[in-house]
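Just below is one structure, and these are the notes that go with it.
Protein chains in written order, with full-length UniProt numbering: chain A, 1 to 798; chain B, 1 to 223.
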């Protein structure tokens, strides 16, 4: 029986290749989009869950009150883990994991040419591999990190520094302010892509007390904030509150006046609910889009299968007369649906495998291929398959099994009014989704363009930022001089950090606001204003104002923050004990994410010579290089690199364009925009395919009517219009429904932005026109074909 | 007595008026009879066959089939009854286009949950009997009209029905093919199968041992 059903389903599929292809292909495309997104979302949600004890690994956090702002800190004093472990039986172990916040220079001592600047260098306690579930390829879990100056490499790094040679026992030199020699004791497997911790180099934390840079981090034994991100493993997740209380008590014991509030946050929450949500900002929108696309594909399937049902009516009648019960007919169509869905699913798996790398490179995401076999993801897939089978089989089975055999056998069965209406609703729904996505996509794109074009108070184009490490040292002056001599370079400037990448935070007070208040500080030289195009509100009278002792320049936002007078020149700000006189005011410019209003900022201006030697050379800073607009950029960069390596061969040349740095702040929006682009195409494709198949079907059904009309003298154009108009009405309706929907959602979305584009009426018009053109093209093809057919043929077959 | 119709009425409403499709039809059919129903288009031949075949309902009257009162049975019991005892043959053959000759003949057996091996034997017998063994793997579209109708009859017979209902079985065939089919019916009848056929043609009707004339849904006296 089952064999018979599968056979007939297959033969039907082969017989109606086009409609079969559209039905299955549409579903496959929808499923592919859906699985890709689910794959991405499942991956995002699975962060850090691969650790065996992931449900009871917590990071210690403290909420600190600083000048009125409440700030979360996750770096604890070296003793915090141990103290908590001793004080609370609910803590089974603790771990300190300290990351270098600046790149270190690593050299293979036996091959001095193998030298790179490395960002992911961390120090961990000896129990690291016991605490987390990272796996060692080489080395003993218990002892790899027990001795000072031991180093574990990731597989990739072992390859990078040692090739195929066995790295165990080899020495790497690590250059910070001083240089240290580490012995490689182990190689760990590369961290999975869903790990929020991904050290490439893991050094024993016991090395730190003897490293000059870290000596001071071990001075105090008190329970308080410090330099070490600290993790605790509890015996039981329910003990969280008790441990938090213990930590609070320990903090009070250490310092009776401490007001910091300690808490624990689950490691697995870090990725999605962490402080930096820019990567995951739209993680909630993505599943919604996936559901929409799936819905589109299902609706398409539904509408096509009711259409097909009409062609199958005779078969059903025959089966019933030959003894089939309603149940067995329903079962047959369920089998058929299941078969089609399985085909679609297999096709979508194939599509996924092919398109996956492309899709993720588009979204700028890296996910281990092995995650495809992740248990949760497979479970989701199975659920998706089950749901699709149920959803697609339900309606056809129900409708077709109810066909009355006598009616069906008498003549080829005309569609019932109800089914006709259902198909109309389906087409409308499809186009509502497609058009709404199209409108939203256009608006997202406009918003991105708009934000990129916003006047942020800086001239971002034609500036490259070169980061220098302290390895440049005293060479910074000749280096800068040579760069300035390049013909394309118009000016250079110095600051401690690249713009958009960070700043120092000082505490300042004014007469009007005596409480210490957090204030971002830029240490720059006097060319900063010219090079970055910062505009003056009040320019200092004295050209050489920076030669005065400790002047400060503030922006407009700082005036209001410190409640200074309308012309604050001559007033002063107090930074701890040092008083600085305000000599100038600049107009506000953005130096952080555009979402936040412009913060107050103070600029400490140094003379060019002083800034070059101190900021750029000694501590390592950022050199802004403005070049002429039409310059040959690659050539300029290679010249700069040559100069750079001449003066600092220890650290690789690193640069970024200012406008690129600005753009990276919109990564999540950009990603959203890419996803929308893709899904607009998919939605249009599915909707278009569905419409095409329906038009074919409708032309088939009305063959006789068209034949009669033609015999009576209707022209091809009249017949085409007659057939097309039915569909175009639906598209117009879809435009009317989709426009306000899209407007509403986009309006809400734009509320999150400080700078927002206006939604133009022509977006709706354009999207509508686009959909209409697509519809006319698909429908008229079939309509013209039908209108051109010889009426004698169609009338004879009746 | 195989079946008995007592004062059957069937009508549809058109503009508030009843239009009678069957008007006071009474009919007794004994086992082993071969009955021809004659009448012009629209006289109610097909409707009467559908009512006898339990595919269609009627508004008034009694229908007793093999001792069972069909008019008071539920849908499910009714379909069980006709599946068991009645085979249908159609003017347009109504074979399933996507199934082969073999599979078409096999279909009724599938719905009776007969075992695979037994099905094979039954279908093979039938193919043999109608001399179409060589055509068993062909699809309906590859056969002539007469051959398709042979398959249709084979399918109707496979479940060993007591009654065959044939609605214009030769309507789409040329006269030679038509004659062959009628001869076949005659043979089947001689083997004890009860047959009721609807037809236009006097000569085909003559194969039956009783002729019923219908006009506008009413039984006519012999002209």
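Where a beta carbon is used, it is the ideal one built from N, C-alpha and C, also for glycine.
Asked	Found
Just checking: is the beta-carbon of residue 319 of chain A within a distance shorter than 8 angstroms of some beta-carbon in chain B?	yes
Can you pull the DSSP bridge partners for residue 150 of chain A?	A:183
Starting from residue 161 of chain A, trace the alpha helix (DSSP H) in both directions and tell me its first and last residue.	155-162
Under 8 angstroms between C-beta atoms, does residue 94 of chain B make it to chain A?	yes
Just mark residue 550 of chain A as buried or exposed, buried being the case when its beta carbon has 16 or more other beta carbons within 10 Å.	exposed
Between residue 779 of chain A and residue 18 of chain A, what straight-line distance do the alpha-carbon atoms span, to the nearest angstrom?	15 angstroms
By the criterion of Cβ-Cβ separation under 9 angstroms, what are the contact partners of residue 107 of chain B in chain A?	4, 318, 319, 322, 323 and 324
Closest Cβ-Cβ distance between residue 103 of chain B and chain A: below 8 angstroms?	yes
In the DSSP assignment, what are the bridge partners of residue 622 of chain A?	A:467 and A:495
How do the segment 624-631 of chain A and the segment 452-469 of chain A stand: do at least 3 beta-carbon pairs fall below 8 angstroms, yes or no?	yes
If you follow the alpha helix (DSSP H) that residue 176 of chain B is in, where does it begin and where does it stop?	175-190
In chain B, which residues lie with their C-beta within 9 angstroms of the C-beta of residue 328 of chain A?	110 and 111
What are the complete alpha helix (DSSP H) segments, minimum 4 residues, inside the segment 41-87 of chain A?	80-87
Closest Cβ-Cβ distance between residue 155 of chain B and chain A: below 8 angstroms?	yes
Determine, using beta carbons only, whether residue 55 of chain B comes closer than 8 angstroms to chain A.	yes
Among the residues of its own chain, which have a CB less than 7 angstroms from the CB of residue 33 of chain A, if the five just before and after it don't count?	290, 293, 679 and 682
If the cut is a Cβ gap below 7 angstroms, which residues of chain B does residue 406 of chain A touch?	50, 55 and 56
Hey, residue 63 of chain A and residue 261 of chain A: beta-carbon distance below 8 angstroms or not?	yes
With a threshold of 8 angstroms between beta-carbons, can residue 99 of chain B be considered close to chain A, or not?	yes
Could I get the ranges of all uninterrupted beta strand (DSSP E) runs contained in the segment 11-66 of chain B, with 3 residues as the minimum, in chain order?	17-29, 34-38 and 60-65
Using only the alpha-carbon positions, how far apart do residue 96 of chain A and residue 225 of chain A sit?	13 angstroms
Which value, in whole angstroms, describes the spacing of the CA atoms of residue 592 of chain A and residue 21 of chain A?	51 angstroms
Under the three-state reduction of DSSP, which class applies to residue 791 of chain A: helix, strand or coil?	helix
Identify the continuous beta strand (DSSP E) that holds residue 508 of chain A and give its terminal residues.	504-509
If the cut-off is 7 angstroms on Cβ atoms, which residues from the segment 63-88 of chain B count as contacting chain A, listed in chain order?	79, 83 and 88
Taking just the CA atoms, how far does residue 211 of chain B sit from residue 194 of chain B?	14 angstroms
When you compare the CB positions of residue 495 of chain A and residue 528 of chain A, do they come within less than 8 angstroms of one another, or not?	yes
Please report the straight-line C-alpha distance between residue 362 of chain A and residue 388 of chain A, rounded to a whole angstrom.	27 angstroms
Quick one: what does DSSP say residue 413 of chain A is sitting in, helix, strand or coil?	Residue placement at residue 413 of chain A is poorly supported in this model, since its pLDDT is 49, which falls under 50; the coordinates still yield a value, given next. If DSSP states are grouped into helix, strand and coil, residue 413 of chain A belongs with coil.
If residue 72 of chain A and residue 205 of chain A are in contact, beta carbons under 8 angstroms, what's the gap, nearest whole angstrom?	So it is not a contact: roughly 23 angstroms between Cβ atoms.
Between the Cα of residue 568 of chain A and those of A:788, A:43, A:636 and A:510, spot the shortest distance and give me the residue it belongs to.	A:510
Which residue from A:419, A:39 and A:3 puts its Cα closest to that of residue 378 of chain A?	A:39
Is the CB of residue 308 of chain A under 8 angstroms away from at least one CB in chain B?	no
Closer than 9 angstroms by beta-carbon distance: list the chain B residues that pair up with residue 8 of chain A, in chain order.	96, 98, 99 and 103
Which runs of the alpha helix (DSSP H) spanning at least 4 residues fall entirely within the segment 94-141 of chain A, listed in chain order?	128-131
In three-state terms, what does DSSP make of residue 630 of chain A?	coil
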